[in-house]
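*Asks:* Below is the structure I would like to discuss, written out as structure tokens.
Number of protein chains: 2
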Amino acid sequence: MPSTDAPTDTPWLDAAQQGVWRSFLGGVTVLMDQLDRDLRTQHDLSMAEYEILVRLSEAPDRSIRMAELAAALAHSRSRITHTIARLERDGIVERFQCSSDGRGVTARLTDHGFTVLERAAHTHVRGVHDYLVAQADPADLAAVGRVLESVRRGLEGRHF
Amino acid sequence: MPSTDAPTDTPWLDAAQQGVWRSFLGGVTVLMDQLDRDLRTQHDLSMAEYEILVRLSEAPDRSIRMAELAAALAHSRSRITHTIARLERDGIVERFQCSSDGRGVTARLTDHGFTVLERAAHTHVRGVHDYLVAQADPADLAAVGRVLESVRRGLEGRHF
DNA sequence: AGCATAAAGTTGAACGTTCAATCAACACCC
DNA sequence: GGGTGTTGATTGAACGTTCAACTTTATGCT
Chain X
0 MPSTDAPTDT PWLDAAQQGV WRSFLGGVTV LMDQLDRDLR TQHDLSMAEY
50 EILVRLSEAP DRSIRMAELA AALAHSRSRI THTIARLERD GIVERFQCSS
100 DGRGVTARLT DHGFTVLERA AHTHVRGVHD YLVAQADPAD LAAVGRVLES
150 VRRGLEGRHF
Chain S
0 MPSTDAPTDT PWLDAAQQGV WRSFLGGVTV LMDQLDRDLR TQHDLSMAEY
50 EILVRLSEAP DRSIRMAELA AALAHSRSRI THTIARLERD GIVERFQCSS
100 DGRGVTARLT DHGFTVLERA AHTHVRGVHD YLVAQADPAD LAAVGRVLES
150 VRRGLEGRHF
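Each protein sequence line maps, in turn, to chains X and S.
Numbering (numbering that gives the first Met the number 0) for the first sequence: 0 to 159.
Numbering (numbering that gives the first Met the number 0) for the second sequence: 0 to 159.
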């Protein structure tokens with residue numbers, strides 16, 4: 000039941016909103032899970048790794064600085080360091096000192112990394128299409144985009 | 000570019016669909032992250048733990064069998080075992096043998112667990128409201144519910 | 001009944017993420 | 001121009017999830 004309640008009074012959700020939230024949570028869980036599993040079993044890549052490769056592949060010189068990667072993917076710097084370290088060990092990415100900023104490190108996609116990405120992309124895109132895009136009415140899909148974009152904007156630069 | 004390409008030909012996404020997918024991914028990442036962090040810092044609970052408590056609290060006798068929990072949350076059995084073990088150690092949940100099925104184990108929310116949940120709910124619900132519900136046009140929100148519900152149904156009982 | 005198979009749950013190791021601490025390079029500024 | 005604070009990146013430990021075994025109990029078949 001709503002109203003004056005706790006620390007500061009809590010905006011309880013009505014039944015419809017609760018339903019949306021539950022569907023959202025369930026759908027997201029199952030979707031991310033499946034996409035991740037597909038990439039892992041078929042290409043030995045996690046979704047996080049795959050997303051990094053995508054960003055790198057689109058960037059000029061196929062390279063991006065660590066902090067920018069972190070910001071773009073909303074991952075912690077530490078996570079990016081660990082992940083890039085793994086990718087480097089596997090010859091998918093290389094790391095080098097940034098010339099303009101002595102602290103900076105730039106990650107670049109290797110040629111091998113690029114071909115790995117090319118192959119993985121088929122799997123991933125098929126997944127996104129089959130599990131999400133094909134399930135949804137196009138107008139609903141657009142709504143999903145709007146909502147989540149606005150969520151991201153509302154939350155960006157928080158992280159404490 | 001589309002068409003005859005790979006293993007079996009891949010249904011590439013157009014620009015709008017890609018945009019939706021990117022917003023989706025970014026929004027989900029940042030949203031889940033923030034909700035999780037809120038619960039962790041203020042109540043020492045992960046979202047996964049919180050979700051378990053919610054389900055238990057709604058069930059008759061505040062108890063559910065492990066496998067049902069796993070199915071309801073789309074988590075692996077193993078994950079449920081570990082998580083419940085932690086919650087049991089903290090006195091939030093208790094575990095006992097199921098009478099009807101010799102293999103079965105039932106988890107029940109303790110009284111203490113219930114009060115923990117009551118407090119955490121304020122934080123969580125406020126988060127869902129502020130970060131998601133308040134950001135979105137109600138019609139768009141309904142669309143989100145429809146889409147993700149259909150995603151879940153399309154994918155349920157996969158897990159291999 | 002008796003054997004094979006499946007389902008429920010647990011276990012421990014491996015892996016990936018988080019968190020706090022650390023170090024180096026840059027920026028400011030008085 | 002030498003503190004003071006900030007930003008970029010890394011490190012290692014702690015934590016949580018996954019994965020592949022494994023145990024136990026139930027189910028199905030003939």
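From the three backbone atoms N, C-alpha and C, an ideal C-beta is built for every residue, glycine too.
#1: Rounded to whole angstroms, how far is the Cβ of glycine 144 of chain S from the Cβ of phenylalanine 23 of chain X, which I believe are closer than 8 angstroms?
#2: Would you mind reading off the limits of the beta strand (DSSP E) that contains valine 92 of chain X?
#3: In the structure shown, what three-state DSSP assignment does valine 19 of chain S receive?
#4: In angstroms with no decimal places, state the Cα-to-Cα distance between arginine 118 of chain X and glycine 103 of chain S.
#5: Can you tell me whether methionine 0 of chain X is buried or exposed? The criterion is at least 16 other CB atoms within 10 Å of its CB, across all chains shown.
#6: For serine 98 of chain S, count the other beta carbons within 10 Å of its own beta carbon; 16 or more makes it buried, fewer makes it exposed. Which is it?
#7: Flag this pair as touching only if the segment 32-42 of chain S and the segment 114-128 of chain S have three or more C-beta atom pairs under 8 angstroms; answer yes or no.
#8: Tell me whether threonine 9 of chain X sits in a helix, a strand or coil according to DSSP, three-state version.
#9: Compare the C-beta of threonine 49 of chain S with all C-beta atoms of chain X and state if any pair is closer than 7 angstroms.
#10: Using 7 angstroms as the limit for Cβ to Cβ distance, is leucine 30 of chain S near chain X?
#11: So, does the CB of glutamine 41 of chain S fall closer than 7 angstroms to a CB anywhere in chain X?
#12: Could you compute how far the alpha carbon of alanine 70 of chain S sits from the alpha carbon of glutamate 87 of chain S?
#13: Count the C-beta pairs between the segment 65-80 of chain S and the segment 12-27 of chain S that are closer than 8 angstroms, then say yes if the count reaches three, no if not.
#14: Taking aspartate 139 of chain S as the query, report the chain X residues whose CB atoms sit under 7 angstroms from its CB, ordered along the chain.
#15: Could you tell me whether any Cβ in chain X is nearer than 7 angstroms to the Cβ of glutamine 125 of chain S?
#16: In chain order, what residues of the same chain have a beta carbon less than 8 angstroms from the beta carbon of glutamate 93 of chain X, not counting five sequence neighbours either side?
#17: For the beta strand (DSSP E) that contains valine 132 of chain X, what are its first and last residues?
#18: Whose Cβ in chain S lies nearer than 9 angstroms to the Cβ of glutamate 57 of chain X?
*Replies:* Quick answer:
#1: Here the question's residue 144 of chain S lines up with position 145 in the second sequence. Here the question's residue 23 of chain X lines up with position 24 in the first sequence. So it is a contact: roughly 7 angstroms between Cβ atoms.
#2: Taking the first sequence and counting its residues from 1, one reaches residue 92 of chain X at position 93. Taken as a continuous stretch (DSSP letters only), the beta strand (DSSP E) holding valine 92 of chain X covers 92-96.
#3: One-based indexing of the second sequence puts residue 19 of chain S at position 20. Helix.
#4: Locating residue 118 of chain X in the first sequence gives position 119, where the first residue counts as 1. Locating residue 103 of chain S in the second sequence gives position 104, where the first residue counts as 1. Between arginine 118 of chain X and glycine 103 of chain S, the C-alpha separation is close to 43 angstroms.
#5: Against the first sequence, residue 0 of chain X aligns to sequence position 1. For methionine 0 of chain X, the predicted structure reports a pLDDT of 47, less than 50, and the residue's modelled location is therefore unreliable. The matter cannot be settled from this model.
#6: Numbered from 1 along the second sequence, position 99 holds the residue referred to as residue 98 of chain S. With fewer than 16 other Cβ atoms within 10 Å, it is exposed.
#7: yes
#8: Indexing the first sequence from 1 puts residue 9 of chain X at position 10. Reduced to three states, the DSSP call for threonine 9 of chain X is coil.
#9: On the second sequence, position 50 is the one that residue 49 of chain S refers to. In the sequence as presented, threonine is not what sits at residue 49 of chain S; that position holds tyrosine. Chain X, which has no Cβ nearer than 7 angstroms to the Cβ of tyrosine 49 of chain S, makes this no.
#10: For the purposes of this step, residue 30 of chain S is identified with residue 31 of the second sequence, where counting begins at 1. Yes, leucine 30 of chain S counts as interfacial toward chain X.
#11: Sequence index remark: in the second sequence, residue 41 of chain S carries index 42 (1-based). No - not a single Cβ of chain X is within 7 angstroms of the one on glutamine 41 of chain S.
#12: Counting from one through the second sequence, the residue named residue 70 of chain S turns up at place 71. Counting from one through the second sequence, the residue named residue 87 of chain S turns up at place 88. Going from the Cα of alanine 70 of chain S to the Cα of glutamate 87 of chain S covers about 20 angstroms.
#13: no
#14: For this step, residue 139 of chain S is matched to residue 140 along the second sequence. Going along chain X in sequence order, the residues near aspartate 139 of chain S (Cβ under 7 angstroms) are Ala142, Arg145, Val146.
#15: The residue labelled residue 125 of chain S in the question sits at position 126 within the second sequence. One detail in the question is off: residue 125 of chain S reads as arginine in this sequence, not glutamine. Yes, its Cβ sits closer than 7 angstroms to a Cβ of chain X.
#16: For the purposes of this step, residue 93 of chain X is taken as the residue at position 94 of the first sequence. Answer for glutamate 93 of chain X: Glu87, Ala106, Arg107, Thr109, listed in chain order.
#17: Indexing the first sequence from 1 puts residue 132 of chain X at position 133. Here valine 132 of chain X belongs to no beta strand (DSSP E), and DSSP marks it neither H nor E.
#18: The residue given as residue 57 of chain X occupies position 58 in the first sequence. Near glutamate 57 of chain X there are no residues of chain S at all, since even the closest Cβ is about 11 angstroms away, more than 9 angstroms.
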